[in-house]
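J.: Below is a structure I'd like to ask you about.
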Amino acid sequence: MPKMTFIKPDGARVEVDAPIGLSVLEIAHRNDIDLEGACEGSLACSTCHVVVDPEWFDVLNEPSEDEEDMLDLAFGLTHTSRLGCQIRMTEELDGLTVSLPQGTRNMMVDK
2 MPKMTFIKPD
12 GARVEVDAPI
22 GLSVLEIAHR
32 NDIDLEGACE
42 GSLACSTCHV
52 VVDPEWFDVL
62 NEPSEDEEDM
72 LDLAFGLTHT
82 SRLGCQIRMT
92 EELDGLTVSL
102 PQGTRNMMVD
112 K
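In our numbering, the protein residues as written are 2 to 112.
Put into structure tokens, the structure is as follows:
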């Protein structure tokens, strides 16, 4: 089974099993990783924002226009930012590493 690594805001690295077909958001939730996903993966928020390790960024599929629009709302946006709900695990992504940002911006509750 593929593996992936989450880097928490405090720098702690957590390697987990990453079943093929699940999103990074779903994998985080299965492993008690604190990745919000307020819209439950429906591409209606930016709370599952992750920063993809640069060596993996170009391996991912291009983000959709809708994802890019949501990323514009993300806290701590970087040039390798993606939404965890939009990254689906494949064999090719075995070893994927993503960092969790220091915070999130939930437009439903943040003013």
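Built from N, CA and C at the ideal position, the CB exists for glycine as well.
Just so it is clear, the structure is predicted and the values come from calculations on it, not from any experiment.
Between which two residues does the beta strand (DSSP E) holding T16 run?
T.: One point to set straight first is that residue 16 is Glu, not Thr, in the sequence displayed. E16 -> beta strand (DSSP E) spans R14 to D18.
J.: Which value, in whole angstroms, describes the spacing of the CA atoms of E69 and L78?
T.: Looking at the two C-alpha atoms, the distance is approximately 11 Å.
J.: Hey, quick one: how far does the beta strand (DSSP E) through L97 stretch, first residue to last?
T.: First-last of the beta strand (DSSP E) with L97: L97 to S100.
J.: Can you give me the C-alpha to C-alpha distance between S82 and L74, rounded to a whole angstrom?
T.: If you take the alpha carbons of S82 and L74, they lie about 11 Å apart.
J.: Work out the CA separation of C49 and M71 for me, nearest whole Å.
T.: If you take the alpha carbons of M71 and C49, they lie about 10 Å apart.
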